[in-house]
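Novice:
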Amino acid sequence: MPKDAPATPSKRAARSTSESPRKQPRKSPQKKNEVEPVDESQWRPSRIWAGKTINKTAALELYRLKKEHLNDLKPTTEEREIVVQGELKKVTTYIYPERAIELEAWRVHGGPEGFEEYLQKLRSTHQKKYPGKEFKCPSTYEPSYQGGAATVSIVSLPPLPPGVDRYANTPTLLDLKNRILTKAHGDPWLWDVCNTHLRFDWSQFPNNTNHAKAIHAAIRDLPNYPPRTPPPADLPPSFQALESLLTEAPTRDSLEGDNMVNIRVDEVPFPSETYYFWSQDYFTRVYNALIDVIRAHGVGAEGWEAARWIVYDKYRQWDGIKIHQEEKLFREMSYTAQDGAFG
Numbered sequence: 001m002p003k004d005a006p007a008t009p010s011k012r013a014a015r016s017t018s019e020s021p022r023k024q025p026r027k028s029p030q031k032k033n034e035v036e037p038v039d040e041s042q043w044r045p046s047r048i049w050a051g052k053t054i055n056k057t058a059a060l061e062l063y064r065l066k067k068e069h070l071n072d073l074k075p076t077t078e079e080r081e082i083v084v085q086g087e088l089k090k091v092t093t094y095i096y097p098e099r100a101i102e103l104e105a106w107r108v109h110g111g112p113e114g115f116e117e118y119l120q121k122l123r124s125t126h127q128k129k130y131p132g133k134e135f136k137c138p139s140t141y142e143p144s145y146q147g148g149a150a151t152v153s154i155v156s157l158p159p160l161p162p163g164v165d166r167y168a169n170t171p172t173l174l175d176l177k178n179r180i181l182t183k184a185h186g187d188p189w190l191w192d193v194c195n196t197h198l199r200f201d202w203s204q205f206p207n208n209t210n211h212a213k214a215i216h217a218a219i220r221d222l223p224n225y226p227p228r229t230p231p232p233a234d235l236p237p238s239f240q241a242l243e244s245l246l247t248e249a250p251t252r253d254s255l256e257g258d259n260m261v262n263i264r265v266d267e268v269p270f271p272s273e274t275y276y277f278w279s280q281d282y283f284t285r286v287y288n289a290l291i292d293v294i295r296a297h298g299v300g301a302e303g304w305e306a307a308r309w310i311v312y313d314k315y316r317q318w319d320g321i322k323i324h325q326e327e328k329l330f331r332e333m334s335y336t337a338q339d340g341a342f343g
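Reminder that position 267 of the sequence shown reads as 267 in UniProt numbering, one-by-one numbering, no gaps.
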């Protein structure tokens, strides 16, 4: 006799007669980091100095970007000398305007606030995993950043024996010091200014290797200076008039109100940028005062050679020697502002 039919259908039959609906094709999930388009004109202005640059390695590391984020940017290339284990080596560096790099990071995260929140999450995670270890990020995103205002830390350093320079404490740094002195005709003022400037953000140069890189940049980028000539012990009238005029000079603090009449402000509406200069009228008055010194005392040590340093030191308080921290790039604005005065 034939066997009875099975009480349940076969697996194939069960599949064919199943009333379960067919699976719908999956929708493509939204990319995790995809952000809605935004109006970039509503973003806050950048806090980065307009002329600041950054190399490719630092751009990718500090702004957490990928190489493809830089595809639409056009870098410049520079061959630079760096210190590697005490020796100078030449490398080719790709240089970008840092504001352009920052803008790419903003676009990735939906704006400046989104990028700041992203960095804060990374910082919190980093501090939990590596307590006490530095979290690397752009200087304008440091918790201690105060809108560009200089901050000075008071550090108690042990006294040194006479004749010992704490900033030239290795053979490499001692050699670099001698090269800096050569640029200033043996006068230590330039060496002192460079090291004082570096100490405004000493965390960027905490060891001898980084210090050496920064001083190499100063040797490479800063001009050769003429001998520093002091003014006459008893100031004649033309020098007194010059010094009196320089009391009206704008300083960075004067952006709050003092001596604003002698500041020229240039504004670019978008992207929002503001540039500050000594006004043309004030520069003209300074030049005329220098001409009066030359007419009265000539171009030698009793006249022009001393007077130009009075103006240089005053202008350096406004826009003098600067260093781009990530690039170790020094710039000298006081020198060029005097229109060949040190040529």
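Glycine residues also receive a C-beta, built at the ideal position from the N, C-alpha and C atoms.
If you follow the beta strand (DSSP E) that T53 is in, where does it begin and where does it stop?
Specialist: Counting along the chain, the beta strand (DSSP E) containing T53 begins and ends at T53 to N55.
Novice: Need the endpoints of the alpha helix (DSSP H) that Y118 sits in, please.
Specialist: Looking at the DSSP string, the run of the alpha helix (DSSP H) that includes Y118 is P112 to K129.
Novice: Which class does D221 belong to by DSSP, given the choice of helix, strand or coil?
Specialist: Residue state, collapsed to three classes: helix.
Novice: Assign G86 to one of two classes, buried (16 or more other C-beta atoms within 10 Å of its C-beta) or exposed (fewer than that).
Specialist: Caution applies to G86, whose pLDDT of 46 falls short of 50 and renders its modelled position unreliable; the value that the coordinates give is listed next. Classification for G86: exposed.
Novice: Could you check the C-alpha separation between F330 and K128 for me, to the nearest Å?
Specialist: So the two alpha carbons sit approximately 36 Å from each other.
Novice: Counting along the chain, where does the alpha helix (DSSP H) carrying V293 start and finish?
Specialist: Unbroken alpha helix (DSSP H) run through V293: Q280 to H297.
Novice: From this set, K314, A59, T172 and R179, which residue's C-alpha is nearest T93's C-alpha?
Specialist: Of the listed residues, the one whose Cα sits closest to T93 is A59.
Novice: Cβ atoms of K314 and L235: under 8 Å apart, would you say?
Specialist: Not a contact, by the Cβ cut-off of 8 Å.
Novice: Can the beta-carbon of I215 be found closer than 8 Å to that of L176?
Specialist: In contact: I215 and L176 (Cβ atoms closer than 8 Å).
Novice: What three-state label does DSSP hand R64 in the structure shown?
Specialist: Residue state, collapsed to three classes: coil.
Novice: Classify E68 as buried or exposed, calling it buried when 16 or more other Cβ atoms lie within 10 Å of its own Cβ.
Specialist: With fewer than 16 other Cβ atoms within 10 Å, it is exposed.
Novice: Do residue 374 and E305 have their CB atoms nearer than 8 Å?
Specialist: Only positions 1 to 343 of the chain appear in this structure, which leaves residue 374 out of reach.
Novice: For the putative contact between E102 and Y63, defined by C-beta atoms under 8 Å, what is the C-beta separation to the nearest angstrom?
Specialist: Between Y63 and E102 the Cβ distance is about 7 Å, and since that is below 8 Å, they are a contact.
Novice: Taking the beta carbon of T172 as the centre, do at least 16 other beta carbons fall within 10 Å, making it buried, or is it exposed?
Specialist: Classification of T172: buried, given that the 10 Å Cβ count is 16 or more.
Novice: In chain order, what residues of the same chain lie with their CB nearer than 7 Å to the CB of W191, ignoring the 5 residues before and after it?
Specialist: If we look at W191 and ignore the five residues flanking it on each side, its Cβ neighbours are K177, I180 and L181.
Novice: Helix, strand or coil: how does DSSP classify K133 here?
Specialist: Coil, per DSSP.
Novice: In whole angstroms, give me the CA-to-CA distance for K90 and V265.
Specialist: In a straight line, the C-alpha of K90 is about 40 Å away from that of V265.
Novice: Taking 8 Å as the cut-off, decide whether the C-beta atoms of T140 and R47 are in contact.
Specialist: A contact, by the Cβ cut-off of 8 Å.
Novice: Ordered along the chain, which non-local residues of its own chain (more than five positions away) have a Cβ less than 8 Å from that of V38?
Specialist: Closer than 8 Å at Cβ, skipping near neighbours: G110 and G111.
Novice: What is the DSSP secondary structure of D266, counted as helix, strand or coil?
Specialist: Of the three classes helix, strand and coil, the one that applies to D266 here is strand, per DSSP.
Novice: Less than 8 Å separating the beta-carbons of L65 and E104?
Specialist: Yes, the Cβ-Cβ distance between L65 and E104 is below 8 Å.
Novice: Judging by CA-CA distance, which residue of F283, T251 and P138 is the nearest neighbour of G320?
Specialist: For the residues F283, T251 and P138, the minimum Cα distance to G320 belongs to T251.
Novice: Would you mind stating whether S238 and A296 have Cβ atoms separated by less than 8 Å?
Specialist: Closer than 8 Å, so yes.
Novice: Taking the Cβ atom as the reference point for each residue, do K121 and E61 lie within a distance shorter than 8 Å?
Specialist: Not in contact: K121 and E61 (Cβ atoms no closer than 8 Å).
Novice: Quick one: what does DSSP say Y275 is sitting in, helix, strand or coil?
Specialist: Strand.
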